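**Student:**
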Amino acid sequence: MHPQTDQHSKVLKILQKYPPFREKMHEYLGIIEKYPPSREHMLDMLHDIQEYEPKHYLPREALLAVAEYLNIPLAEVASTVSFYSMFSLEPRGKHIIRICVSPPCQAMGGSSVLVALKDALNIDVGSTTSDGLFTLETTSCLGVCGVAPAMMIDNDVYGNLTEEKIQRIIEEIRRRDAAH
Ligand code: FES
79 MHPQTDQHSK VLKILQKYPP FREKMHEYLG IIEKYPPSRE HMLDMLHDIQ EYEPKHYLPR
139 EALLAVAEYL NIPLAEVAST VSFYSMFSLE PRGKHIIRIC VSPPCQAMGG SSVLVALKDA
199 LNIDVGSTTS DGLFTLETTS CLGVCGVAPA MMIDNDVYGN LTEEKIQRII EEIRRRDAAH
């Protein structure tokens, strides 16, 4: 029997033991079983599930599905998730803003840009706006120090930030989302 199929049947057996999670775990299994059941693909699996979730996070069922598929303890998946700041166990906003707080960006005015961002969103770092549109997070160097201070919103990089530019970017995204 192909190892993936083997793991699939094993997970299905486990699902019988967790009826409330069954449906969600089935969904996640459908996402991760394109990878061979090997630890080296754990990050890709977690990443794909987080991308799939509209609230950009990893529910408990996701961790369970990955642990069972890889045949490893749930604690091992949980510790991987907590090690990487790109993963969240809490529901997040539609757009994830990651502002760089490493020294080169700080030296170019990053602190005042962060204050402008908090003001524009009316939230603190680690929070989500009440309309569920934005989550604000900090990050270390994004690798674009040439355009410091910089941030990422979802997969897009924004550089040479100023307080005015922050206002424009946030307004533009709000407008775009309202139009859809
Ligand atoms: S230090 Fe901010 S992008 Fe490198």
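For the sequence shown, the residue numbers in this note's numbering are 79 to 258. Ideal Cβ placement from N, Cα and C applies to all residues, glycine included. Given the structure is predicted, the values throughout are model-derived calculations rather than measurements.
1. Given residue 180, which residues of its chain have a CB within under 6 Å of its CB, disregarding the five upstream and five downstream residues?
2. Could you give the DSSP three-state label for residue 144: helix, strand or coil?
3. Could you give the first and the last residue of the continuous alpha helix (DSSP H) run that contains residue 129?
4. I think residue 107 touches residue 147, with their Cβ atoms under 8 Å apart; what is that distance to the nearest whole Å?
5. Does residue 173 come out as helix, strand or coil in the three-state DSSP assignment?
6. Helix or strand or just coil, what does DSSP make of residue 80?
7. Any chance the CB of residue 228 is under 7 Å from a heavy atom of the ligand FES?
8. Using a threshold of 8 Å, state whether the C-beta atoms of residue 103 and residue 129 are closer than that.
9. Among the residues of its own chain, which have a CB less than 7 Å from the CB of residue 80, if the five just before and after it don't count?
10. Count the other C-beta atoms from every protein chain shown that fall within 10 angstroms of the C-beta of residue 253, then say buried if there are 16 or more, exposed otherwise.
11. Looking at the structure shown, is residue 217 part of a helix, part of a strand, or coil, going by DSSP?
12. Could you give the C-beta distance for residue 169 and residue 135, rounded to a whole number, given that I count them as a contact under 8 Å?
13. Going by the DSSP bridge assignment, what does residue 206 pair with across the sheet?
14. Please identify the residue among 196, 137, 145 whose C-alpha is closest to the C-alpha of residue 111.
15. Work out the CA separation of residue 149 and residue 194 for me, nearest whole Å.
16. Using only the heavy atoms of the ligand FES, determine whether one of them is closer than 7 Å to the beta carbon of residue 220.
**Tutor:** Based on what the coordinates show:
1. Closer than 6 Å at Cβ, skipping near neighbours: 218, 219.
2. helix
3. 120–130
4. 7 Å
5. strand
6. Only weak support exists for where residue 80 lies, its pLDDT of 46 falling under 50; the value from the coordinates is given anyway. Note: residue 80 maps to coil in three-state DSSP.
7. For the ligand FES, at least one heavy atom lies less than 7 Å from the Cβ of residue 228.
8. Taking C-beta atoms as the reference points, residue 103 and residue 129 fail to come closer than 8 Å.
9. Residue placement at residue 80 is poorly supported in this model, since its pLDDT is 46, which falls under 50; the coordinates are not used for a value here.
10. exposed
11. strand
12. 5 Å
13. Partner(s): 213.
14. 145
15. 46 Å
16. Yes.
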